[in-house]
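> Residues in the sequence shown are numbered consecutively from 333, following our numbering. Note that beta-carbon positions come from the ideal geometry of N, C-alpha and C, so glycine has one too. The model shown is predicted, which means the values in this text are computed figures rather than measured ones.
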Amino acid sequence: MNQPVPYQPAETAGTVHYPTPIPDPAPVATVQPGHIPTVQSIVLPDGRVVTGYAIEPTKPEPVTAKPLVSRTAVNIALGGVGFAAVCGGLLMLTTFIAALTALITQLITLAAVIFGGFIAVQLFSGSRGATTVNIRKAVIKRNHFHG
333 MNQPVPYQPA ETAGTVHYPT PIPDPAPVAT VQPGHIPTVQ SIVLPDGRVV
383 TGYAIEPTKP EPVTAKPLVS RTAVNIALGG VGFAAVCGGL LMLTTFIAAL
433 TALITQLITL AAVIFGGFIA VQLFSGSRGA TTVNIRKAVI KRNHFHG
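1. Considering only C-alpha positions, which residue in the set S373, P336, L423 is nearest to P355?
2. In this structure, does DSSP put I451 in helix, strand or coil?
3. Using alpha carbons as the reference points, say which of S402, K391, T383 lies closest to T370.
4. What three-state label does DSSP hand I354 in the structure shown?
5. From what residue to what residue does the beta strand (DSSP E) around Q372 run?
6. Between which residues of its own chain and A373 is the CB-CB distance below 6 Å, once the five residues before and five after are set aside?
7. Please determine whether the Cβ atom of I440 lies at a distance below 8 Å from any heavy atom of the ligand MN.
8. What are the residues that DSSP puts in a beta bridge with T383?
9. Note down the Cα distance separating P351 from P377, rounded to an integer number of angstroms.
10. Which value, in whole angstroms, describes the spacing of the CA atoms of T433 and V453?
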């Protein structure tokens, strides 16, 4: 837009100076109280002197690098993974408890059948093969049995 125009001598009696465009000024920096900036002078090509305060361009604040994934998203994902792990563990725990209950029930039933069978054999078996001994009061005198 504002391009400098090269110097061309004029055909009239005087010399014409074409102004050089000034770039857009930088944002004005705030001056802290008690600190006065230095005065600076610039000599223009036509001999004029411009005096003013030196303004340092403001430096933008450093931009903090944003992570690729937000912390909230990471926390939600980790919560989901933890919940899935707990659900799987609880499912396994309930399955284990059910299997253990079934095993204990079967062991109790097996013990009742075996013990009940043993008692039934003892009760219902007659005196087959057994010897009955009747004990009477016997008197033994001088190594001789008197019965």
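In short:
1. P336
2. helix
3. T383
4. coil
5. 371-375
6. According to the sequence provided, residue 373 is Ser. The question's Ala does not apply to it. Cβ within range, chain order: V381, T383.
7. In the structure on display, the ligand MN does not appear, and there are no ligands present to speak of.
8. S373
9. 10 Å
10. 30 Å
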